[in-house]
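*Asks:* This is the structure, below, for whatever I ask next.
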Amino acid sequence: MGSRLLVALSLSGLALGCVDDSPAELDPPRRAAEARDVGEAILPIPTELELDRRTVDLGRRLFADPILSKGRDTTCLTCHPFANGGADGAARSQLPGREMLAVNTPTVFNSSFNYRLHWNGRFTSLEDQLDVPLTSPKVMASTYEEVLRRLRDSSYAADFSAIWRDGVTERNFRVAIATYERSLITPRSRFDRFLEGDATAISQTEREGFELFKSYGCISCHQGVNVGGNLMQRFGVLRDYFAGRAPSEADLGLYLVTKREEDKHVFRVASLRNVARTGPYFHDGSVTSLSEAVKIMAEFQLGRRLSEEHTKRIVAFLETLTGDAEGLL
Amino acid sequence: VRFGITPLRAAWVVASLSLVVQWIHAMQTDIDARAHDRYGRDTRSAVAADARLNQQIMQSRQALVTHYDALTHTSSELRETYARLQAPPTFLEDVDSSEIRALATESVAAFNEKSLAVEHFKSENAILRNSARFFPLAAEELRARKLAAGDLEGAELVTQLLLAIRSHIDLAGLAELERAELAIEALEASGDTSEDTTVVLLHAVTLIERTERVLDLTRSILASPTTSLAEQLDARYERAVDVTRDRASKRRTLMAITALAIAALLAADVVQRFRRDARRERETAEKLSAANAALLRDKLREKELSDLKGRFVTMTSHEFRTPLSVILSSIELLEAYGERWPPAKRSDHYVRVKTAVGTMRELLDAVLVIGRSDAGRLECKPGPLDIPRFVRESVDAVASTTMKHELRVKMPESLPPAQIDEKLAVHVFTNLLSNAVKYSPAGGPIDVVLRVAGPDLVLSVRDRGIGISATDRARLFESFHRGNNVGTIPGTGLGLAVVKRAVDAHGGSIDVTSAEGEGTTFTVRLPVFVEAGAQRAAAPERADSRDA
Chain G
9 MGSRLLVALS
19 LSGLALGCVD
29 DSPAELDPPR
39 RAAEARDVGE
49 AILPIPTELE
59 LDRRTVDLGR
69 RLFADPILSK
79 GRDTTCLTCH
89 PFANGGADGA
99 ARSQLPGREM
109 LAVNTPTVFN
119 SSFNYRLHWN
129 GRFTSLEDQL
139 DVPLTSPKVM
149 ASTYEEVLRR
159 LRDSSYAADF
169 SAIWRDGVTE
179 RNFRVAIATY
189 ERSLITPRSR
199 FDRFLEGDAT
209 AISQTEREGF
219 ELFKSYGCIS
229 CHQGVNVGGN
239 LMQRFGVLRD
249 YFAGRAPSEA
259 DLGLYLVTKR
269 EEDKHVFRVA
279 SLRNVARTGP
289 YFHDGSVTSL
299 SEAVKIMAEF
309 QLGRRLSEEH
319 TKRIVAFLET
329 LTGDAEGLL
Chain Y
512 VRFGITPLRA
522 AWVVASLSLV
532 VQWIHAMQTD
542 IDARAHDRYG
552 RDTRSAVAAD
562 ARLNQQIMQS
572 RQALVTHYDA
582 LTHTSSELRE
592 TYARLQAPPT
602 FLEDVDSSEI
612 RALATESVAA
622 FNEKSLAVEH
632 FKSENAILRN
642 SARFFPLAAE
652 ELRARKLAAG
662 DLEGAELVTQ
672 LLLAIRSHID
682 LAGLAELERA
692 ELAIEALEAS
702 GDTSEDTTVV
712 LLHAVTLIER
722 TERVLDLTRS
732 ILASPTTSLA
742 EQLDARYERA
752 VDVTRDRASK
762 RRTLMAITAL
772 AIAALLAADV
782 VQRFRRDARR
792 ERETAEKLSA
802 ANAALLRDKL
812 REKELSDLKG
822 RFVTMTSHEF
832 RTPLSVILSS
842 IELLEAYGER
852 WPPAKRSDHY
862 VRVKTAVGTM
872 RELLDAVLVI
882 GRSDAGRLEC
892 KPGPLDIPRF
902 VRESVDAVAS
912 TTMKHELRVK
922 MPESLPPAQI
932 DEKLAVHVFT
942 NLLSNAVKYS
952 PAGGPIDVVL
962 RVAGPDLVLS
972 VRDRGIGISA
982 TDRARLFESF
992 HRGNNVGTIP
1002 GTGLGLAVVK
1012 RAVDAHGGSI
1022 DVTSAEGEGT
1032 TFTVRLPVFV
1042 EAGAQRAAAP
1052 ERADSRDA
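Residue numbers (the numbering used here), protein chains in the order written: chain G, 9 to 337; chain Y, 512 to 1059.
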C-alpha cells in the first residue's frame, strides 16, 4: 500500500504542476475609463465606468456608515454631503467636540481624476488618502484596527468575503471605499456636452467666458478632464499672495510634505468641476464668492486684473462645469 | 499482500522521492508564467512609458498638447510600474534576482528625480505658456498706447523688448538673454510705472526666467538615466529568464528521465512480482503433485496389500478346502460303509483323513508363522540343540516320503555347542528339504551340507530339479508366490516365505543359486555358535521386538 501511495503522490505531483492555483483577480480597475481628447485643453468626463459593482455597493454603504468613526457619530457623508457638491460648504470643517480642520474640505466628486489628493498633494491614491479622514483626531479619530474589528463583527464580514477571498482586511477596506469614490463622477455637464459637439449646450456669454478663460491663461493650469487637479502650482506665481499676512502652517502647502524651500505655498491646482457649488474657495476656504476667487487667481497667478464684465463671463463659464450628480444622490 | 524490501523496490522508492523533491524544487523555481508575464510586461512598459513621457514633455513644451492629463497618467503609470519592478519574480536565480533588484532600485531613484523634474516642468511650463501667450498681446497693446500718446521712444523700447524676448524664446542663447535683459532694464529705466507697463515687464521677466527654467528641466528630464536603466532592466530580465528557462528545461528533462525510471522500475517490480508468484505457484503445484503421487503410491501399495491379503485369504481358503473335502468325503464314506468295509479299506480312509489334517496343520503352521512374522511377533528362543541328531531326524522324515531321491548328508565330525530355536530350525529344514524333493519330480540326489563358518552354521540344500527362473527368484520369498514352472506340483506358495521369515527371525540370511531345469541350491546362514549375550547383540532389533 505504501509504495502504491507514493506512485499516486508522484503522479499527482506531475499533474499539479500544470494547475493554475493563483487566486482570481478580484481587484476593480484602479481608474475610471480614460477621458476622451476632443481637441481642447479641457476633456469631457467619461460617462461610463469600469468598476466592480459589488465593490462599489460595499463602498457606498461604508461611506455612509458611522461605524468608521470612533464615536460612531461621523460618516464620510458628514463632510462630503452630496446635496452640497460633495463637500460640506464650510470654510474649514469642524466636527462636534473636535478641533477645526486646517484646510478647506475638497469635494469628493471627481476626486479620482486628481493625480494627487489633498491640497498639498500628499497622497497619490484614494486608498492612501483614507488615512487622514479615518485616523485624524479632527475627523473620525479611529484606527484601522478598530474599524476592521468592528467590520469583522458585523454583517459586512460576509460582504467582504463575497468579494475577496481574504475577507475583511485593511487593504480591501481601503479598496472598497476608494472604488466607491471612483464612481462619484459628475459627467454630462453643459460644458462637457458643448465639448462633445452640442454647440447649444452653453450660451454665448458662457462661451465668451470660456474664451476669456483660455486667453487670460487660466487654462494653463486648469486643464485636463478635471479642469485642474493634474499639477502642482505655487499660489502666487506672479505676485505674492501671502505677503503682508502671517502664514499659517497650512499655507506652506507642498513644503509640509517635502520640506524643500521651493515648495512653500505650492498646492495642487484645484479642479474647477462643479466649482460653482463647492465654495468657499482656496485651501483655507477664505473666499466665499466665486467671482472674488477668480479675480484673486487672475491677479496673483496671471498678473492680471480682471474687469467685472470679464469676471462675470468667466464665472458664467465656470457654472457650465457643474455636472450631473443625480446618479450619485 | 505483504511487501518485502527488494533492491528494485528500494531504487523505485528512492527515484520517486527524488522526483517529488525535484518537483517541489521546480514548483519554487520554475517560471511562473503569470509572474513572468506581469514582470516582463512591466519591464517593457517601463521602457515604452519612459519614451512616451519624454515625448509628452516635448509636446507640452512646444504647446502642442495643452493639458497635462496624458503626461500625468504616464507619470503615475511609471510610478506604479517601478513600484512593481522592485519585486522581481521569485523563480529567478539569486544572482540574477539581486542584480535586477539593484537595477530596479537605481531606476526608481532615477525616476523619482525625473518625476520631480516633471512636476516642476508642469508648473513652470504652465506659467511660461501663459506668459508666452499673454506677453505679445500685452506688449502690443502697450506699444499701441504709447504710439497713440506720441511716446515714440517708449514705443520703440517696447518694440525692442518684444523682439528681444521673441528671439530669446526662439534661440535661448546667451546673447539673446543679454539683449532681452537690456531691453527690460531700458523699459524699466523709462520711468513708466503704469499698470500695463508693470504687467508687460512682469511677463517679460517671467518669460526669460521660465524659458530658461523649462529648458533646464526639459534637458534634465530627457537626459535622465531612466531611459537607459529601463532598457538595461528589460534586457537583464530577459537574460535572467533565459537562464531560468534553460535550467527549467534541463530539469524537466531530468524529471522526465526520473519519471521514466520510476515507470521502468515499477514495471520491473511488477514483472518480478509476477515471476515470483509464478515460481511460487509452480513450486506449490510441484509439491502438490508430489504429494498426490505419494498419495497415489500409498494407495497403490494399500491396494497391493489389500490385494495380497485378498489373495492370501482366497488361496488359504482354497488350500484348506482341498483337505477338508478329503476329510469330509472319507468320513462320509466311513459313516455309510465303515461297518461293512474291510479294515484295510477303512484304514486307508483314516490315513487319508490323517494326511489331510496333517496338510491343514502344516498350512495353519505356515500361515501362523507368516502372520506372526508380519505382526513382528515371530519369536526366537534359542536353546541348546543336538544338531547332528536334529538334521538326521529331519532328513529321515523327508526321505521316508520319497523313493526316487537320494538324500546325502555331509556334516563335520563334531560341531561346537549351538544355540538354536528348534521350532524355527524345523521350519527351515523341513521346508527346504521337502521343497528339494517336491521340485525335483524326476528324482535324483539331494545334497544336504552343513558346515561351520565363524559363528554361523551354514546349511546348503541342493537338488537337481526344475530350478527357479531369474524372474521368480526376485519374488521367491513372497507369500503364495510360486514359480511359473511348477506345473502341477502341488504347493501353497508359503514354504519359502516361512523359511525366509524363520531365518530372519533367527538373525540369519538365505541365498539361492539356481538354473532352470538344472536344480537349485539354497544356502542358509544362522548365527548359532555365539554366547547367548553376543547373539542378542548381533540381532538387537529382533531382541527388542521380542522384549516388547
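Beta carbons are placed, not taken as given, at the ideal position from N, Cα and C, and that holds for glycine.
Run the CB neighbour count on residue 1036 of chain Y, radius 10 Å, all protein chains shown included, and call it buried at 16 or more, exposed below.
*Replies:* Residue burial annotation: residue 1036 of chain Y is buried, with at least 16 other C-beta atoms found within 10 angstroms of its C-beta.
*Asks:* Would you say residue 49 of chain G faces chain Y, with C-beta separation under 8 Å as the test?
*Replies:* For residue 49 of chain G, the nearest beta carbon of chain Y is closer than 8 Å to its own beta carbon.
*Asks:* Give the list of continuous beta strand (DSSP E) stretches no shorter than 3 residues that lie fully inside the segment 839-921 of chain Y.
*Replies:* 916-921
*Asks:* When the Cα of residue 721 of chain Y is compared with those of Y:738, Y:885 and Y:688, which residue comes out closest?
*Replies:* Y:688
*Asks:* For residue 535 of chain Y, count neighbouring C-beta atoms within 10 Å of its own C-beta (all shown protein chains included) and say buried if the count is 16 or more, exposed if not.
*Replies:* exposed
*Asks:* Considering only their Cβ atoms, is the gap separating residue 278 of chain G from residue 236 of chain G smaller than 8 Å?
*Replies:* Yes. Within cutoff.
*Asks:* Measure the alpha-carbon distance for residue 218 of chain G versus residue 541 of chain Y and round it to whole angstroms.
*Replies:* 59 Å
*Asks:* Listed in chain order, which residues of the segment 568-587 of chain Y have Cβ atoms closer than 7 Å to some Cβ of chain G?
*Replies:* 577, 578, 579, 580, 583 and 587
*Asks:* Any idea what DSSP makes of residue 247 of chain G, helix, strand or coil?
*Replies:* coil
*Asks:* Answer with yes or no whether the minimum CB distance from residue 761 of chain Y to chain G is below 8 Å.
*Replies:* Answer no: the Cβ-Cβ gap between residue 761 of chain Y and chain G never drops below 8 Å.
*Asks:* Only counting the same chain, and skipping five residues up and downstream in sequence, which positions put a Cβ closer than 7 Å to that of residue 849 of chain Y?
*Replies:* 857
*Asks:* Output, in chain order, the set of chain G residues within a Cβ distance shorter than 7 Å of residue 645 of chain Y.
*Replies:* 225
*Asks:* What are the boundary residues of the alpha helix (DSSP H) that includes residue 673 of chain Y?
*Replies:* 663-682
*Asks:* If we ignore side chains and look at the alpha-carbon of each, how far apart do residue 834 of chain Y and residue 813 of chain Y end up?
*Replies:* 32 Å
*Asks:* Counting pairs of beta carbons, one from the segment 60-75 of chain G and one from the segment 175-189 of chain G, are three or more of them closer than 8 Å?
*Replies:* yes
*Asks:* Is residue 298 of chain G close to chain Y? Criterion is C-beta to C-beta, closer than 8 Å.
*Replies:* no
*Asks:* Between which two residues does the alpha helix (DSSP H) carrying residue 111 of chain G extend?
*Replies:* First-last for residue 111 of chain G: undefined, no H or E at that position.
*Asks:* Can you confirm whether the segment 125-132 of chain G touches the segment 302-314 of chain G when touching is taken to mean that 3 or more C-beta pairs between the two stretches lie within less than 8 Å?
*Replies:* Contact fails between the segment 302-314 of chain G and the segment 125-132 of chain G, because fewer than three Cβ pairs, one in each stretch, are under 8 Å apart.
*Asks:* Using the beta-carbon count (16 or more within 10 Å), is residue 838 of chain Y buried or exposed?
*Replies:* buried
*Asks:* So that I know if they touch, is there some Cβ in chain Y lying closer than 8 Å to that of residue 246 of chain G?
*Replies:* Judged by the 8 Å Cβ criterion, residue 246 of chain G is in contact with chain Y.
*Asks:* Please report the residue range of the beta strand (DSSP E) in which residue 968 of chain Y lies.
*Replies:* 967-973
*Asks:* Interface residues of chain Y around residue 3 of chain G at Cβ under 9 Å?
*Replies:* This structure gives no information on residue 3 of chain G, because the portion of chain G shown stretches from 9 to 337.
*Asks:* Could you check if residue 273 of chain G is buried or exposed, using at least 16 other CB atoms within 10 Å of its CB as the buried criterion?
*Replies:* buried
*Asks:* Please list the segments of the alpha helix (DSSP H) lying wholly inside the segment 549-598 of chain Y, counting only runs of 4 or more residues, in order along the chain.
*Replies:* Counting whole runs of 4 or more residues, the segment 549-598 of chain Y contains the alpha helix (DSSP H) stretches 580-596.
*Asks:* For residue 695 of chain Y, return the contacting residues in chain G, with the cut-off set at a CB-CB distance below 9 Å.
*Replies:* Going along chain G, no residue has its Cβ under 9 Å from residue 695 of chain Y, so there is no contact; the nearest lies around 15 Å.
*Asks:* Indicate whether residue 82 of chain G and residue 74 of chain G have their beta-carbon atoms separated by less than 8 Å.
*Replies:* yes
*Asks:* Are any of the Cβ atoms in chain Y nearer than 8 Å to that of residue 279 of chain G?
*Replies:* no
*Asks:* What residue from Y:805, Y:1039, Y:1003 and Y:1031 has the CA that sits closest to residue 1016 of chain Y's CA?
*Replies:* Y:1039
*Asks:* Measuring straight from C-alpha to C-alpha, what distance separates residue 1052 of chain Y and residue 519 of chain Y?
*Replies:* Because the pLDDT of residue 1052 of chain Y is 43, which lies under 50, any placement of that residue in the model is unreliable, and the number read from its coordinates should be weighed accordingly. Roughly 57 Å between the two C-alpha positions.
*Asks:* Verify the CB distance criterion: does residue 525 of chain Y have a CB-CB separation below 8 Å to chain G?
*Replies:* Cβ-Cβ to chain G under 8 Å: no for residue 525 of chain Y.
*Asks:* Where does residue 268 of chain G sit, in a helix, a strand or coil, going by DSSP?
*Replies:* coil
*Asks:* May I ask you to list the residues that DSSP assigns as paired with residue 289 of chain G?
*Replies:* Under DSSP, residue 289 of chain G shares a beta bridge with G:295.
*Asks:* Out of Y:596, Y:801 and Y:902, state which residue places its alpha-carbon closest to the alpha-carbon of residue 609 of chain Y.
*Replies:* Y:596
*Asks:* Identify every run of the beta strand (DSSP E) within the segment 972-1031 of chain Y, keeping only runs that are complete inside it and at least 3 residues long; order them along the chain.
*Replies:* 1020-1026
*Asks:* In terms of residue numbering, what span does the alpha helix (DSSP H) encompassing residue 956 of chain Y cover?
*Replies:* Looking at the DSSP string, residue 956 of chain Y is not in any alpha helix (DSSP H); the run it does join, the beta strand (DSSP E), is 955-964.
*Asks:* Return the residue from the list G:255, G:259 and G:200 that minimises the CA-CA distance to residue 280 of chain G.
*Replies:* G:200
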